[in-house]
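Participant: Residue numbers for the sequence shown follow the numbering used here, beginning at 13 and rising by one.
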Amino acid sequence: RALASIERVSDDLQEKVEQFEEREDALRERFQEAMG
13 RALASIERVS DDLQEKVEQF EEREDALRER FQEAMG
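(1) DSSP on R20, reduced to helix/strand/coil?
(2) Taking the straight line between their C-alpha atoms, what separation do you get for A46 and A16?
(3) For R42, which three-state DSSP category applies?
Have a look at this one:
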């Protein structure tokens, strides 16, 4: 049971990381457009 909850936390973390990376990419694009 402990292992299952660890896996769930790991999945949540992975999801947050992916969302963060997508947001970072979008911000970088917007920044480059502003600079360009």
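All C-beta atoms, glycine included, are put in the ideal place defined by N, C-alpha and C.
Predicted model, so just to flag it, every value in this text is computed and none were measured.
Facilitator: Let's see:
(1) Here the question's residue 20 lines up with position 8 in the sequence shown. R20: helix per DSSP, three-state reduction.
(2) Walking along the sequence shown from the start, residue 46 turns up at place 34. Walking along the sequence shown from the start, residue 16 turns up at place 4. Distance between the alpha carbons of A46 and A16: 45 Å.
(3) Within the sequence shown, residue 42 is the residue found at index 30, counting from 1. Three-state DSSP puts R42 in a helix.
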